[in-house]
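Under the working numbering, the first residue of the sequence shown carries the number 47, and numbering increases by one thereafter. Structure, as structure tokens:
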Amino acid sequence: TMGENRTQVSLFLLMGLTQQEGLKSILFVLFLLIYSVTLVGNLGMITLIHTDPQLHTPMYFFLSVLSFIDSSFSTVDTPRLLESFFTSSQSISFTGCAVQMAFMTLHGTAEFLLLAIMAYDRFTAVCHPLLYHTIMSQHLCVQLVASSYVASIVNAALLTGNIFRLPYCGPNIINHYFCDIPPVLKLACANTTEVEAIIFSSSALLFLFTITVILVSYAYILVTILRMHSLEAQRKALSTCASHFTVISLLYGTTIFTYAQPSSRSSMEQNKIVSVVYTVVIPMLNPLIYSLRNKDVKIAFKR
47 TMGENRTQVS LFLLMGLTQQ EGLKSILFVL FLLIYSVTLV GNLGMITLIH TDPQLHTPMY
107 FFLSVLSFID SSFSTVDTPR LLESFFTSSQ SISFTGCAVQ MAFMTLHGTA EFLLLAIMAY
167 DRFTAVCHPL LYHTIMSQHL CVQLVASSYV ASIVNAALLT GNIFRLPYCG PNIINHYFCD
227 IPPVLKLACA NTTEVEAIIF SSSALLFLFT ITVILVSYAY ILVTILRMHS LEAQRKALST
287 CASHFTVISL LYGTTIFTYA QPSSRSSMEQ NKIVSVVYTV VIPMLNPLIY SLRNKDVKIA
347 FKR
């Protein structure tokens, strides 16, 4: 009523990926298949790496962590996406939305940081092969992964806490299939300039830090490879980096496309489609990319 305080919403409605009834059954089968392959591929990769002694190296330790992140990342939103194909809109509680966003942000941040760590690992392997196992000790590997998770938890708490301290008094319809930051923030009935600045600063810091580590590492790797006299040595060095570089290109490409363009209704619809790539498809592709291009993984699988 005019003059009274507006009521805080207690739940949100997720619009889902599409409202076209004819597509829903097809998409349900497709995404169920993708999610099944994601779980089997990533959990299979973790099992293979931890059971085969030949794969007990820093590179495969990081790969097992990446598989854990991918399977967790996909599990946070894909089951709700599958459920949305049977309903026109799907409710999620205010707390549930905050928890989902926090876990999506946590795993997303952890993946970016881990890819930077893996770039440093490849730099050490190619540029300092004789000191590789000394530098990349088990203690350092565990410390790097633990630090990335601590930073991810802090980032997720910072962003989610600031977003959900804002008042939400209606409308409560999220034009997405999960509680992503941009569509949720659009529903706040308060000035979001300060929160947007925090989100931008956090995202820019994460992006610049990780991309700097990756670019510097690969610059040194490229220089080292060009100095090699043996073509076989060059081919082997490139092959150890090819899978990692492919994963980086996919993740950074889709993320930049999603969050770097101006907001509009058409861009929101495009973002939902692109979001499918980095939340559903890429977690499925990562173990396939590493297994199909990696001779050691193929041999371990046969063994």
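Note that the Cβ used here is the ideal one computed from N, Cα and C, for glycine as well.
| message | Applying the 10 Å Cβ sphere with the 16-neighbour rule, what's the burial state of P125? | response | exposed
| Backbone secondary structure at S183 - three-state DSSP | coil
| Which residue from T155, Q184, C225 puts its Cα closest to that of L252? | T155
| task | Note down, one range per segment and in chain order, each alpha helix (DSSP H) of at least 4 residues found wholly within the stretch 219 to 265. | result | 227 to 231
| task | Look up S56 in the DSSP assignment and say whether it is helix, strand or coil. | result | coil
| query | Is G87 near the ligand PLP, going by C-beta to nearest heavy atom under 7 Å? | reply | Looking at this structure, you won't find the ligand PLP or any other ligand, since it has none at all.
| query | Per DSSP, what kind of secondary structure is S113 in: helix, strand or coil? | reply | helix
| task | Assuming Q54 contacts C225 (C-beta within less than 8 Å), just tell me the rounded distance between them. | result | Contact doesn't hold; Cβ gap of about 16 Å is too wide.
| task | Output yes or no for whether 8 Å exceeds the beta carbon distance between I260 and A162. | result | yes
| field | Identity of the residue in I319, L284, T206 nearest Q146 by Cα | value | T206
| task | Determine contact between the stretch 325 to 341 and the stretch 230 to 248, defined as no fewer than three beta-carbon pairs at a distance below 8 Å. | result | no
| task | Tell whether a beta-carbon distance below 8 Å holds between N218 and L60. | result | no
| What does DSSP give as the partner residues of Q136 in its beta bridges? | L60
| task | With a 10 Å radius around its C-beta and 16 neighbouring C-beta atoms as the bar for buried, classify T47 as buried or exposed. | result | Any reading at T47 must be qualified, since the residue scores a pLDDT of 34, below 50, and its modelled position is unreliable; no value is offered.
| query | Is it the case that the Cβ atoms of S263 and A165 are separated by a distance below 8 Å? | reply | yes
| Using DSSP with H/G/I as helix, E/B as strand and the rest coil, what is T286? | helix
| How long is the line joining the alpha carbons of H185 and Y195, rounded to whole angstroms? | 16 Å
| query | In the structure shown, what three-state DSSP assignment does Y214 receive? | reply | coil
| query | Distance, Cα to Cα, F114 vs L159? | reply | 14 Å
| query | Would you say the stretch 330 to 342 touches the stretch 76 to 90, given that touching needs at least three Cβ pairs under 8 Å? | reply | yes
| Anticipated Cβ contact below 8 Å, L57 with S118, distance rounded | Not confirmed; about 25 Å, so no contact.
| request: Kindly indicate the opening and closing residues of the alpha helix (DSSP H) around F347. | output: 341 to 348
| query | When the Cα atoms are used, what is the spatial distance from K341 to L63? | reply | 38 Å
| query | What number of angstroms, rounded off, separates the C-alpha of V111 from the C-alpha of L284? | reply | 22 Å
| Neighbourhood of I227 by C-beta, 8 Å cutoff - its chain only, sequence neighbours within 5 removed | M147, T151, L205, I209, I245
| field | Integer Cβ distance of P107 from C173, believed to fall under 8 Å | value | It is Phe, not Pro, that sits at residue 107 in the sequence shown. Not really, about 20 Å apart at Cβ, beyond 8 Å.
| In terms of alpha-carbon separation, which member of G87, T84, L334 lies closest to S289? | L334
| message | Please classify L109 as buried or exposed, where buried requires at least 16 other C-beta atoms within 10 Å of its C-beta. | response | buried
| Where does F169 fall in DSSP's three states? | helix
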